[in-house]
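A quick write-up on the structure given underneath.
As structure tokens, this is what we get:
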């Protein structure tokens with residue numbers, strides 16, 4: 001089965017410019033996920049980026065695909081990127097992941113890939129489960145105000161992180177990464193750390209410095 005990881009990267013980030021090249025623990029942020037993917041031999045990895053400045057940061061066994069610069073516009077949605085990606089890079093199964101999740105591990109990636117390649121799922125989504133009292137638009141989402149359960153008894157709410165695995169036919173429909181038969185892959189909160197702002201990078205650096213998190217494949 002042809003399994004390819006596609007990592008969309010742009011360098012003109014709106015909230016945190018050039019964040020993907022910023023140093024984290026002594027090496028560029030992008031190096032963490034790229035090195036992890038490069039260490040999985042059954043997956044061929046492509047960097048999907050319009051800017052060739054990323055090339056020196058790509059591991060030796062990872063490929064560069066120069067995508068359209070139109071996909072770097074701030075108004076572009078994920079579906080548009082996925083639609084373009086499946087036309088540019090052909091595979092049976094795609095691993096769609098972001099370098100802004102530097103601590104994503106081999107084990108989590110394998111679990112998501114196995115759900116689609118070996119189990120009867122057409123897509124798998126990395127999620128962080130939360131058993132908290134959640135409010136949305138001033139209304140309780142997952143609990144009853146008149147009958148409060150212990151937090152450990154609350155039905156979990158699942159928040160996406162940056163890992164999606166899906167079959168080609170799922171993406172061909174409309175660029176969605178969500179199939180009809182989805183599997184949620186729980187990811188530890190530490191592993192799902194996402195770098196959106198400089199403060200997130202400073203926090204990740206603190207974790208590495210204090211050895212609170214050890215990056216492992």
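Residue numbers (the numbering used here): 1 to 217.
C-beta: ideal position from N, C-alpha, C; glycine also.
Nothing here was measured: the structure is a model prediction, and the numbers come from that model.
Membership of residue 100 in any alpha helix (DSSP H) is not indicated, and neither H nor E is assigned to it by DSSP. Judged by their CB atoms, residue 78 and residue 50 are not nearer to each other than the 8 Å cut-off.
In the three-state reduction of the DSSP assignment, residue 187 falls in the coil class.
Shown here, residue 34 sits in a helix according to DSSP, grouped into three states. Per DSSP, the beta bridge partners of residue 46 are 6 and 63. Rounded to the nearest whole angstrom, the CA to CA distance from residue 159 to residue 186 is 9 Å. Residue 69 and residue 201 have their C-alpha atoms roughly 26 Å apart. Of the candidates 161, 101, 37 and 197, the residue whose Cα lies closest to the Cα of residue 184 is 161. If only uninterrupted beta strand (DSSP E) runs of at least 3 residues are considered, those enclosed by the stretch 119–186 are 123–130, 157–167 and 182–186. Membership of residue 205 in the alpha helix (DSSP H) is indicated by the continuous run 198–209. Here DSSP, grouped into helix, strand and coil, assigns residue 19 to helix.
A Cβ-Cβ separation of about 17 Å leaves residue 86 out of contact with residue 43 under the 8 Å criterion.
CA-CA distance, residue 102 to residue 114, rounds to 21 Å. If you ignore the 5 residues before and after residue 30, its C-beta comes within less than 6 Å of the C-beta of 20, 57 and 99, all in its own chain and listed in chain order. The beta-bridge partner set that DSSP reports for residue 71 is empty. DSSP, reduced to helix, strand and coil, places residue 11 outside both helices and strands of the structure shown, so it counts as coil. The beta carbon of residue 176 is closer than 6 Å to none in its chain, skipping five residues each way along the sequence. Counting the other Cβ atoms within 10 Å of the Cβ of residue 155 gives fewer than 16, which makes it exposed.
Looking at the DSSP output, residue 24 shares a beta bridge with 27.
In this structure, residue 2 keeps its C-beta atom at 8 Å or more from the C-beta atom of residue 112.
Under DSSP, residue 93 forms a beta bridge with 3 and 167. DSSP places residue 81 inside the alpha helix (DSSP H), whose first and last residues are 78–88.
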